[in-house]
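Okay, so here's the structure we're looking at.
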Amino acid sequence: MSDLDPEGQERRLSAIAPERLAALGAADDGDDHPLPDLPNAEAFEEIRMRLAPNPNGPWHLGNARMAAVIGTYTDRYDGWMCCRFDDTDPETKRPDLDAYDAILNAITYLEFEPDEAIRASDRLPTYYEYARELIDREGAYTCSCSAADFSELKNAGEACPHRDKSASETRAEFDEMVEGEVDPGERVLRVRTDITHPNPALRDWVAFRMIDTPHPREAASEFRCWPLLDFQSGIDDHLTGITHIVRGIDLQDSAKRQRFVYDYFDWTYPEVIHWGHINVDAYDVPMSTSSIKGLIEAGDLDGWDDPRAPTLASLRRRGIRGEAITEAMVALGTSTNEADLSMSAIYAANRERIDDDADRAFLVQDGIERTVIGSPTVGEPPVHPDHDERGVREIQVGGAVRIEAEDLPPNGERVWLKGLGCMRHTRDAFEFVGTDIAAVREEGVPVIHWVPADDARPVTLRRPDGDVEGTAEPGIAAYDSDTVLQFERVGFARIDAQDDEGRTVAYFAHP
RNA sequence: GCUCCGGUGGUGUAGUCCGGCCAAUCAUAUUGCCCUCUCGAGGCAAUGACCGGGGUUCGAAUCCCCGCCGGAGCACCA
Numbered sequence: 077m078s079d080l081d082p083e084g085q086e087r088r089l090s091a092i093a094p095e096r097l098a099a100l101g102a103a104d105d106g107d108d109h110p111l112p113d114l115p116n117a118e119a120f121e122e123i124r125m126r127l128a129p130n131p132n133g134p135w136h137l138g139n140a141r142m143a144a145v146i147g148t149y150t151d152r153y154d155g156w157m158c159c160r161f162d163d164t165d166p167e168t169k170r171p172d173l174d175a176y177d178a179i180l181n182a183i184t185y186l187e188f189e190p191d192e193a194i195r196a197s198d199r200l201p202t203y204y205e206y207a208r209e210l211i212d213r214e215g216a217y218t219c220s221c222s223a224a225d226f227s228e229l230k231n232a233g234e235a236c237p238h239r240d241k242s243a244s245e246t247r248a249e250f251d252e253m254v255e256g257e258v259d260p261g262e263r264v265l266r267v268r269t270d271i272t273h274p275n276p277a278l279r280d281w282v283a284f285r286m287i288d289t290p291h292p293r294e295a296a297s298e299f300r301c302w303p304l305l306d307f308q309s310g311i312d313d314h315l316t317g318i319t320h321i322v323r324g325i326d327l328q329d330s331a332k333r334q335r336f337v338y339d340y341f342d343w344t345y346p347e348v349i350h351w352g353h354i355n356v357d358a359y360d361v362p363m364s365t366s367s368i369k370g371l372i373e374a375g376d377l378d379g380w381d382d383p384r385a386p387t388l389a390s391l392r393r394r395g396i397r398g399e400a401i402t403e404a405m406v407a408l409g410t411s412t413n414e415a416d417l418s419m420s421a422i423y424a425a426n427r428e429r430i431d432d433d434a435d436r437a438f439l440v441q442d443g444i445e446r447t448v449i450g451s452p453t454v455g456e457p458p459v460h461p462d463h464d465e466r467g468v469r470e471i472q473v474g475g476a477v478r479i480e481a482e483d484l485p486p487n488g489e490r491v492w493l494k495g496l497g498c499m500r501h502t503r504d505a506f507e508f509v510g511t512d513i514a515a516v517r518e519e520g521v522p523v524i525h526w527v528p529a530d531d532a533r534p535v536t537l538r539r540p541d542g543d544v545e546g547t548a549e550p551g552i553a554a555y556d557s558d559t560v561l562q563f564e565r566v567g568f569a570r571i572d573a574q575d576d577e578g579r580t581v582a583y584f585a586h587p
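Taking my numbering, I'd label the letters of the first sequence as residues 77 to 587.
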């Protein structure tokens with residue numbers, strides 16, 4: 077076995093003695109694992125985790141962290157991952173029917189594949205069943221206090237008059253709720269926890285409430301009695317055999333609440349990891365599903381993939397690979413602190429992946445024209461500076477070029493038009509000087525990009541900070557949409573569309 | 001008001017459980033130099049952090065206490 081390479085050894089070892097492979101990984105000090113080991117991982121035969129998104133909109137960057145971290149963990153432990161849509165509020169967090177698929181696509185984009193996808197709204201009968209069982213175990217009671225009244229009692233640590241209701245009476249009243257015979261606000265089912273618990277957040281929380289607004293999914297539109305997250309999620313985590321839960325600190329108290337239910341059922345609660353909120357720089361648009369949705373509806377954004385939006389659809393359209401996002405998210409770790417994510421971390425990870433493949437091209441954004449005198453008729457910059465074998469781009473000069481206004485040298489000074497040669501700026505023209513590269517290497521003549529003045533292709537470059545018009549070398553017309561190029565000295569961009577009028581639309585990725 | 005959680009360079013992170021190998025890791029960022037017909041890539045170097053105060057100890061980023069600061073929950077939202 078010693079003649080196998082390390083990877084081969086690992087594969088072979090995992091086949092014959094998986095438990096020793098885990099030990100090997102630990103001894104290796106987890107060299108390629110940016111995330112800490114999962115707590116108590118060795119206690120489980122299979123690591124099972126879930127993503128539990130609310131499908132109230134397509135994903136923004138913040139949501140990506142969930143898939144990136146959980147997916148990385150399940151890959152690493154060769155575990156099982158489920159995408160469970162927690163869509164149990166048809167009213168205030170009303171599901172968006174397009175979001176279910178958009179979210180699954182986003183997960184694929186991030187390079188993960190859930191083993192299973194389920195929707196809480198398909199599972200109401202199961203929740204009812206366990207609610208009845210909980211009632212029979214004296215773990216819940218129906219309560220008809222108003223929310224305000226109960227809150228007052230709860231804050232004082234006092235039981236409400238309904239708390240000592242019998243299981244059979246609760247059972248009957250809960251059945252009425254399930255049948256839809258109760259109005260919203262009239263009655264809820266509460267879990268009997270500890271009404272004097274020092275932490276008021278844990279006292280007799282609501283498990284089911286009535287909602288009249290039909291669920292947008294037809295299959296779930298008849299239900300009126302809906303579980304809240306703590307009940308639904310708690311039951312599902314147990315039934316799907318989840319071993320590790322990773323979620324935000326906003327759900328810190330959830331585990332403590334759900335443990336009361338687990339205790340009634342004599343279940344073991346999964347291991348839990350919490351992380352803090354992340355803030356992303358470089359965006360003016362707030363990273364919240366509802367704000368983005370609002371801006372789109374108001375017409376301030378073109379859609380979920382507008383380059384100004386901090387959404388996954390937007391980054392995808394800009395040519396940023398999901399892997400790069402995953403890498404940056406995983407690097408954030410799982411600290412409970414609030415964290416600032418720099419887009420530059422994503423950009424750096426992406427650049428590493430796309431640079432080698434991206435052909436080079438010239439794009440001039442803020443052009444100024446100069447006649448060219450005496451130069452070769454064709455410029456031949458390389459397709460990729462690190463890959464001679466990919467050849468050169470042949471750009472017809474056509475007598476005049478356009479360059480960035482800021483690149484124009486003072487009169488009498490020289491500039492090197494990349495792939496064409498050295499020029500001296502006379503009053504209103506570029507006079508060809510020659511192609512001796514010593515001018516650049518030894519005399520420090522600046523190298524700049526350029527396009528033919530008469531035969532350049534108009535380009536709209538859509539950037540996170542707004543659209544820019546420019547012109548590019550004609551060769552970019554040949555690229556299919558979805559190709560990622562590097563506009564030299566401008567940055568990487570994804571070709572989005574080549575229209576019939578001879579215009580290219582590209583989305584800017586990053587420098 | 002009550003209850004949790006956390007504070008390491010500009011940013012993120014490792015180390016904290018089991019105190020010494022940490023004058024603190026890695027990445028990103030910024031700057032400079034080298035290389036290069038890109039401000040990309042690559043190479044080299046520099047910059048820069050243990051919230052504060054006490055205590056325990058021969059020794060504390062690490063343990064204890066008190067502050068301070070930040071975050072979260074106390075919804076018939078997720």
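Using N, Cα and C, we set each Cβ at its ideal position, and we do this for glycine too.
Starting from residue i, trace the beta strand (DSSP E) both ways and give me its first and last residue.
i, result
"M363", "Looking at the DSSP string, M363 is not in any beta strand (DSSP E), and its letter there is neither H nor E."
"P534", "R533 to R539"
So, are the CB atoms of residue i and residue j less than 8 angstroms apart?
i, j, result
"H525", "E482", "no"
"P110", "E347", "no"
"R323", "H353", "no"
"A128", "S309", "yes"
"I321", "T412", "no"
"G495", "D530", "no"
"D329", "A277", "yes"
"A140", "L186", "yes"
"I287", "R300", "yes"
"L561", "A434", "yes"
"R393", "D572", "yes"
"L391", "L537", "no"
"T319", "R126", "no"
"P112", "A178", "no"
"T164", "W380", "no"
"M363", "G138", "yes"
"T547", "R503", "no"
"A345", "L210", "Checking the displayed sequence, the identity of residue 345 turns out to be Tyr instead of Ala. No, they are not a contact pair."
Can we count residue i as close to the ligand NAP, meaning its CB is less than 7 angstroms from some heavy atom?
i, result
"R539", "The ligand NAP is not part of the structure shown, which contains no ligands of any sort."
To the nearest angstrom, how far is the alpha carbon of residue i from that of residue j?
i, j, result
"G233", "R124", "38 angstroms"
"E214", "R268", "8 angstroms"
"F336", "W343", "10 angstroms"
"V581", "D575", "8 angstroms"
"A591", "C219", "Since the first residue of the chain shown is 77 and the last is 587, residue 591 is not available in this structure."
"P550", "Y423", "27 angstroms"
"V491", "H501", "8 angstroms"
"R293", "M253", "20 angstroms"
"K230", "T184", "44 angstroms"
"R517", "V523", "10 angstroms"
"F307", "Q334", "7 angstroms"
"P485", "P534", "25 angstroms"
"Y338", "A117", "20 angstroms"
"A421", "L388", "15 angstroms"
"G578", "E545", "14 angstroms"
"P290", "C159", "23 angstroms"
Throw me the rounded Cβ distance for the residue i and residue j pair, which I believe falls under 8 angstroms.
i, j, result
"P131", "D172", "6 angstroms"
"D280", "R266", "5 angstroms"
"V454", "F508", "At roughly 13 angstroms, the Cβ-Cβ gap does not stay under 8 angstroms, so V454 and F508 are not in contact."
"D512", "E480", "The Cβ separation is near 24 angstroms, so there is no contact."
"A283", "L200", "About 13 angstroms separates the two Cβ atoms, so there is no contact after all."
"F161", "R195", "4 angstroms"
Only counting the same chain, and skipping five residues up and downstream in sequence, which positions put a Cβ closer than 8 angstroms to that of residue i?
i, result
"L377", "V361, I368, L371, R384 and A385"
"A505", "R446, T447, V448 and I449"
"Y149", "L111, L114, I123, M125, G155, H320 and V322"
Along the alpha helix (DSSP H) that carries residue i, what are the first and last residues, could you check?
i, result
"F299", "Premise fails: F299 is in no alpha helix (DSSP H) and is neither H nor E."
"T215", "In the sequence as displayed, the identity of residue 215 is Gly instead of Thr. Per DSSP, G215 belongs to no alpha helix (DSSP H) and is neither H nor E."
"N426", "M419 to I430"
"F336", "Q328 to F341"
"D558", "Counting along the chain, D558 falls outside any alpha helix (DSSP H), and DSSP gives it neither H nor E."
"V254", "A243 to V254"
"T150", "L137 to R152"
Spatial neighbours of residue i within its chain, please: C-beta separation below 7 angstroms, excluding the five flanking residues on both sides.
i, result
"Y217", "H238, R239, K241, T246, R266 and R268"
"V459", "D435, R436, R466, G467, V468 and R469"
"A425", "A400, E403 and A404"
"D357", "D416, S418 and M419"
"T472", "First, the amino acid is wrong: residue 472 is Gln here, not Thr. Cβ neighbours of Q472 beyond the five flanking positions: T453, V454, P528 and D531."
Can you list, in chain order, the residues of its chain whose CB lies under 6 angstroms from that of residue i, leaving out five sequence neighbours each side?
i, result
"Y359", "P386"
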